[in-house]
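A.B. asks: Convert by adding 287 to the 1-based position in the sequence shown; the result is the number in our numbering.
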Amino acid sequence: MLEERQLFPGDTLVLYTDGMTESFNDSGEEFGEQRLIEALQRHRGESSQALVSSLLDEVRQFNPNEQQDDITLIVANCRESLEPI
Numbered sequence: 288m289l290e291e292r293q294l295f296p297g298d299t300l301v302l303y304t305d306g307m308t309e310s311f312n313d314s315g316e317e318f319g320e321q322r323l324i325e326a327l328q329r330h331r332g333e334s335s336q337a338l339v340s341s342l343l344d345e346v347r348q349f350n351p352n353e354q355q356d357d358i359t360l361i362v363a364n365c366r367e368s369l370e371p372i
C-alpha cells in the first residue's frame, strides 16, 4: 500500500530494514516493532545522528551476538520550510 504523507517541521521520518526488528536474543525473542516503537519514544527529540546511534545501541544491547541480517537505518528530521515537503 502506497500512501502520501506531508511532513511538518519537527516531524521525524525513520526508515529501516527488517534486520532491525528481526534481531533475536539468546532466548529466541525478536526485537520486534513494539520494542522499536518504545525505543523511538525513549529517544524522542534526539538529533538524527544521535537517534541512529541510540537505536542501533538498543538492538546491540538486546542481541549482543553477531547480527545475522544486515541493518539499514535512515533517520531524517524535518526542519522549517517555506514549501510543504
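Using N, Cα and C, we set each Cβ at its ideal position, and we do this for glycine too.
Measuring CB atoms only, is the stretch 358-365 touching the stretch 318-327, in the sense that at least three cross pairs come out at less than 8 Å?
C.D. replies: no
A.B. asks: What's the C-alpha gap between R366 and G297?
C.D. replies: Residue numbering aside, residue 366 sits at position 79 when the sequence shown is read from its first letter. Residue numbering aside, residue 297 sits at position 10 when the sequence shown is read from its first letter. In a straight line, the C-alpha of R366 is about 6 Å away from that of G297.
A.B. asks: Might you give, ordered along the chain, the residues of its own chain that have their beta carbon closer than 7 Å to the beta carbon of G319, omitting 5 neighbours on each side?
C.D. replies: Translated into the one-based positions of the sequence shown, residue 319 becomes position 32. Same-chain partners within the cutoff: T308.
A.B. asks: Tell me whether E342 is buried or exposed, calling it buried when 16 or more other Cβ atoms sit within 10 Å of its Cβ.
C.D. replies: If you number the sequence shown from 1, residue 342 lands on position 55. Note that residue 342 is Leu in the sequence shown, not Glu. Per the 10 Å Cβ criterion, buried.
A.B. asks: Going by DSSP, which residues form a beta bridge with E317?
C.D. replies: Within the sequence shown, numbered from 1, the residue matching residue 317 stands at position 30. Partner(s): F311.
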